[in-house]
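Numbering (the numbering used here), first residue to last: 233 to 651.
Positions of the beta carbon are idealized from the N, C-alpha and C atoms, including for glycine.
A short worksheet on the structure shown next.
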């Protein structure tokens, strides 16, 4: 008998981040003149499509709350994967003694209830982070249906208490800790982002953690091949060949610390560089970053290029003398691996599986997440000629082997529906 997997996205489609670009191929007009659409490359979609490639006894659906949607929209891809958009709203809730805002969909909850009441083999896949949409799911269904939570950020410091003597901050931290304990004791299965910090779930809650020695997500590094020399790539992109080129590729959101990166670059002694930043964020946040560039008089040194097509993105990776990856909290990130595949060294913060892999390979320049003085010191040394080791392609390819990764997720779904 086949197992249905419902993988729930905890954020809406990235309409704001894709503004100014064509609609995705799958889209619908709304009565109010707006539109909704499905790109099909959320990590949840990618996992689902890959699992369906290796298994014929799995049905896979991705459910996503959408702040624009006026009703449920659905599309079935050629792979058999189904992606549904559900009308959603932003809800305020208290975590600790502070209010947070997060997305919630009542229609999604109603349809989930219907699926569970069918009493057919079903696995629910959620973000393991403390999210508002997950609280009622775990409370209502944790003893009825297997639920696996996946960390999409570094999970190693979730239960840390801040070093402070401030009574309110401590009280807030302990209330949050109490809420986290109640939350995670209901989550019986976890897909970790990193190896570090998983023992607390196993020891404290008896959680089944699905350990592995390869990446969270596969990578088709056979498609990431250098077609130009670094100088040729620079010429093709019409960027200076006599400058040290840095490149950053990520969503432009606060956790990626692009603002801190700008401040650090402004303090470097050697000014013979240009940093290209790809990716999009909200209009407000992009304006904040651009204003920071202007404030530090770095307009000639830092250039935003927005989203770029796949082949152009590869050209930037080839043209770069150094990849900058400065996230404060990440399950990956992907860019250091992509840079390595294109023969580009990486400067990366100590977060996610990138840190674990690069550290094991004695490669990259790994710096603390928030010690910006060390960032400055290391970047100054790199600009003055310090060499950074690049992981070997053989190890890189093995680490991101989709056959391993697909089998890993498939086995998780089959395992949790048998217990």
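Taking the Cα positions, residue 587 is about 16 Å away from residue 487. Using a Cβ-Cβ distance cut-off of 8 Å, the stretch 434 to 450 and the stretch 529 to 543 are not in contact, since fewer than three pairs of beta carbons, one from each stretch, lie closer than that value. Under the DSSP assignment, residue 479 falls in the beta strand (DSSP E) whose first and last residues are 476 to 481. Taking 8 Å as the cut-off, the Cβ atoms of residue 553 and residue 493 do not count as close. A check of alpha carbon separations from residue 317 across 483, 243, 284 and 264 identifies 243 as the nearest. Burial state of residue 315 is buried, judged by a 10 Å Cβ sphere holding 16 or more other Cβ atoms. Between residue 533 and residue 506, the C-beta gap is smaller than 8 Å, which places the two residues in contact. In the three-state scheme derived from DSSP, where H, G and I count as helix and E and B as strand, residue 241 is classed as coil. For residue 333, no alpha helix (DSSP H) encloses it; the enclosing beta strand (DSSP E) starts and ends at 330 to 336.
Residue 495 sits in a helix when the DSSP states are folded into three classes. Counting C-beta pairs closer than 8 Å gives fewer than three between the stretch 367 to 376 and the stretch 256 to 272, which falls short of the contact rule.
Ranked by how close their Cα comes to the Cα of residue 458, the residues 522, 473, 548 and 502 have 548 in first place.
If you check the CB distance, residue 324 and residue 310 do not come in under 8 Å. Taking 8 Å as the cut-off, the Cβ atoms of residue 238 and residue 354 count as close. Closest option to residue 360, judged by alpha-carbon separation, among 568, 565, 245 and 417: 417. Residue 267: member of the beta strand (DSSP E) spanning 267 to 270, first to last residue. Distances from the CA of residue 253 to each of 236, 271 and 475 were compared; the closest alpha carbon is that of 271.
For residue 315, the secondary structure class from DSSP, reduced to helix, strand or coil, is strand. For a cut-off of 8 Å, the C-beta gap from residue 337 to residue 289 is around 29 Å, too long to register as a contact.
In the DSSP annotation of this structure, the continuous segment of the alpha helix (DSSP H) that includes residue 543 starts and ends at 542 to 551. In chain order, 621, 622 and 623 place their CB closer than 7 Å to the CB of residue 595, counting only its own chain and leaving out the 5 sequence neighbours on each side. Just measuring C-alpha positions, the residue of 629, 565 and 391 sitting nearest residue 453 is 629. With a beta-carbon spacing of about 6 Å, residue 610 and residue 599 fall inside the 8 Å limit used to define contacts. Contact between the stretch 421 to 435 and the stretch 377 to 396 is established, with three or more Cβ pairs separated by less than 8 Å.
Residue 461 and residue 582 have their C-alpha atoms some 29 Å from each other.
Pairing residue 407 with residue 329 gives a Cβ-Cβ distance under 8 Å. For the beta strand (DSSP E) assignment, the uninterrupted runs of no fewer than 3 residues enclosed by the stretch 367 to 403 are, from N- to C-terminal side, 379 to 382. Taken through DSSP and simplified to helix, strand or coil, residue 355 comes out as strand. The beta-carbon separation of residue 421 and residue 440, rounded to 5 Å, stays under the 8 Å limit for a contact.
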